[in-house]
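Residue numbers (this note's numbering): 7 to 355.
Heads up, the thing below is written out as structure tokens.
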Amino acid sequence: METQGIKYAGSKRRIIPHILRALSETEGVRTVLDGFSGSTRVAQAFAQSGLDTTANDVAAWSEVLANCYLKSDKPDSFYAEIFDHLNGLTGVDGWFTEHYGGLPDDKKKPFQIKNTRKLDAVRDEIDRLGLGFTDKSVVLTALILALDGVDSTLGHYASYLSEWSARSAKDLVLKLPKRFAVTTENTVLRGDVLDAVRGRAFDLAYFDPPYGSDNAKMPTSRVRYNAYYHLWTTVVLNDKPAVFGKANRRADSKDSANPSVFENCRSDVVLSAIERLVSETDARYVLLSYGAKGRAAKADLTDVLSAQGKRLKIIEIDCKRNVMAQMTSTEQWMNGGEEYKEYLFLLEK
Ligand SMILES: C[S@@+](CC[C@H](N)C(=O)[O-])C[C@H]1O[C@@H](n2cnc3c(N)ncnc32)[C@H](O)[C@@H]1O
């Protein structure tokens, strides 16, 4: 099944076939929630499997991606003219260029200046087009995918490469995202997962909370999505925020500003958050993804989940380490070893 997405820490692109296989072991599932939808690849797979899909994430970029893939139903021809217009704009020096554009000998920037100039022109023009949110989401998704294809990063925006990546030399070109025919009733939410489950019922809820580490010696090793992908927030909002630090992160992506309990360093805190989430979820089935090195250890999770339902099946998947895992020391430590394991916990409540 084809899905599309940006480089994303913890993307479940590779285990989608296992997730769909787990689904085939359930009965009568028609409505699903992807509670931490991130890149939205799993939500895309659910919707393409004919399930009424609700995608939720705290991140503004995830909401945009989800609207593009799960809600937009205009023909390609509607967008073609818009993309031609945007791709034809002349680049200008603006806010993105000031903060993220690098000249050939000015490295350690996420993009080459020719592409941030294009970004500056395109992003302001998108606001001027006055599109509705779903159509705007298709265009912003195209912009995010185009930027993801010309970046000079390790796959996130908390630090940049010291030499230009080969792909950063390419030109920024917007292309129509690979949408699929939307045949199901889909919903997109942006917010805390506990708010997403409140007052709603699903046949199955899929949860893929952020990863942390279970090594108490390195407490700051969790993936901080808000900090890693601050640039996508700014591209979506175009709010030209105050920035800080070497990577020019948005001020509101500081660790102190990140309230997600699922990104907490303490495994007992994460475990009780998962316990609360599963207990407050009105769904016959809960499917939980968890990396072997996640902070809430496998045995503890097994105990917590079995106490909440009548049948628990644990699926162990050997995955090659993802790209991010091989690229920073923190990530290497987090995932360790040549291979790492992913678990799927399928709970029938
Ligand atoms: C492991 S990633 C999900 C990856 C996703 N399954 C995919 O394939 O791309 C975890 C996601 O949880 C989101 N998140 C963190 N805390 C959250 C919360 N309290 N409620 C909802 N989403 C949250 C992050 O923004 C991040 O996108």
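Just so it is clear, CB atoms sit at the ideal spot from N, CA and C, and this is done for glycine as well.
query: Taking all protein chains shown into account, decide if His-162 is buried (16 or more other Cβ within 10 angstroms of its Cβ) or exposed.; result: buried
query: In chain order, what residues of the same chain have a beta carbon less than 7 Å from the beta carbon of Glu-354, not counting five sequence neighbours either side?; result: Arg-290, Tyr-291, Gly-315, Lys-316, Arg-317
query: Grab me the residues of Thr-144's own chain with a C-beta within less than 7 Å of its C-beta, minus the 5 sequence neighbours each way, in chain order.; result: Before going on, a small fix: residue 144 reads as Val here, not Thr. So the list reads Cys-74, Ser-78, Tyr-85, Pro-183, once near-sequence residues are dropped.
query: With distance defined between alpha-carbon atoms, name the residue in Ile-25, Pro-116, Arg-206, Val-179 nearest to Val-128.; result: Val-179
query: Count the other CB atoms, across all protein chains shown, that sit within 10 Å of the CB of Phe-250; report buried if there are 16 or more and exposed otherwise.; result: exposed
query: In chain order, what are the residue ranges of uninterrupted beta strand (DSSP E) at least 3 long that sit wholly in the stretch 240-320?; result: 288-297
query: My assumption, with CB atoms under 8 Å, is that Tyr-212 sits in contact with Leu-311. Please give the rounded CB distance.; result: Not confirmed; about 14 Å, so no contact.
query: If distances are taken between C-alpha atoms only, which option among Asp-130, Gln-118, Thr-32, Phe-89 comes closest to Gly-4?; result: The structure shown does not extend to residue 4, since the chain is modelled only from 7 through 355, so no value can be given for it.
query: Would you call Lys-18 buried or exposed, if buried means 16 or more other Cβ atoms sit within 10 Å of its Cβ?; result: buried
query: Taking Val-242 and Leu-146 to be in contact with their CB atoms under 8 Å, please state how far apart those CB atoms are, rounded to whole angstroms.; result: 6 Å
query: Tell me the DSSP bridge mates of Ile-323?; result: Glu-348
query: Note down the Cα distance separating Ser-30 from Ala-172, rounded to an integer number of angstroms.; result: 42 Å
query: Quick check on DSSP: helix, strand or coil for Met-224?; result: Caution is warranted here: a pLDDT of 44 is assigned to Met-224, below 50, making its placement in the model unreliable, and the coordinate value is therefore given only provisionally. Three-state result, Met-224: coil.
query: For Ser-262, I'd like the list of residues in its chain whose CB is within less than 8 Å of its CB, leaving aside the five on either flank, ordered along the chain.; result: none
query: I need the straight-line Cα distance from Val-329 to Lys-13, nearest angstrom please.; result: Note that Val-329 scores a pLDDT of 35, beneath 50, so its modelled location is shaky; the value from the coordinates is reported in the next line. Cα to Cα, Val-329 sits roughly 9 Å from Lys-13.
query: Determine contact between the stretch 109-125 and the stretch 50-65, defined as no fewer than three beta-carbon pairs at a distance below 8 Å.; result: no
query: Does the separation of the CB atoms of Gly-11 and Arg-47 fall below 8 Å?; result: yes
query: Any chance the CB of Asn-244 is under 7 Å from a heavy atom of ligand 1?; result: no
query: Using the Cβ count rule (16 or more neighbours within 10 Å means buried), how would you classify Asp-309?; result: exposed
query: Candidates Val-38, Phe-102, Asn-270, Val-98: which alpha carbon is nearest Asn-2's?; result: Here the chain comprises residues numbered 7 to 355, so residue 2 is not present and cannot be evaluated.
query: Using 10 angstroms around the beta-carbon of Pro-116, count the other beta-carbons present and answer buried if the total reaches 16, otherwise exposed.; result: buried
query: Which residues does DSSP pair with Val-194 in a beta bridge?; result: Ala-61
query: Taking 7 Å as the cut-off, is the beta-carbon of Asp-63 closer than that to any non-hydrogen atom of ligand 1?; result: yes
query: Among Asn-232, Ala-305, Leu-57, Lys-114, which has the Cα closest to the Cα of Val-35?; result: Leu-57
query: Return yes when the C-beta of Lys-347 is under 7 Å from any heavy atom of ligand 1, and no when it is not.; result: no
query: Taking the alpha carbon of Ala-148 as the reference point, which residue from Trp-67, Ser-168, Arg-134 has its own alpha carbon closest?; result: Trp-67
query: Could you round the C-beta distance between Leu-283 and Val-229 to whole angstroms and report it? I think they count as a contact, below 8 Å.; result: About 18 Å; that fails the 8 Å criterion.
query: Helix, strand or coil for Asn-328, going by three-state DSSP, please let me know.; result: Because Asn-328 sits at a pLDDT of 42, beneath the cut-off of 50, its placement in the model cannot be relied upon, and the following sentence gives the value as read from the coordinates. Here Asn-328 sits in coil by DSSP.
query: Which of the three DSSP states, helix, strand or coil, is assigned to Asp-40?; result: strand
query: Do Lys-113 and Trp-170 have their C-beta atoms within less than 8 Å of each other?; result: yes
query: Can you check which of these residues, Ser-174, Lys-80, Ile-323, Lys-181, is closest to Leu-151 by C-alpha distance?; result: Lys-181
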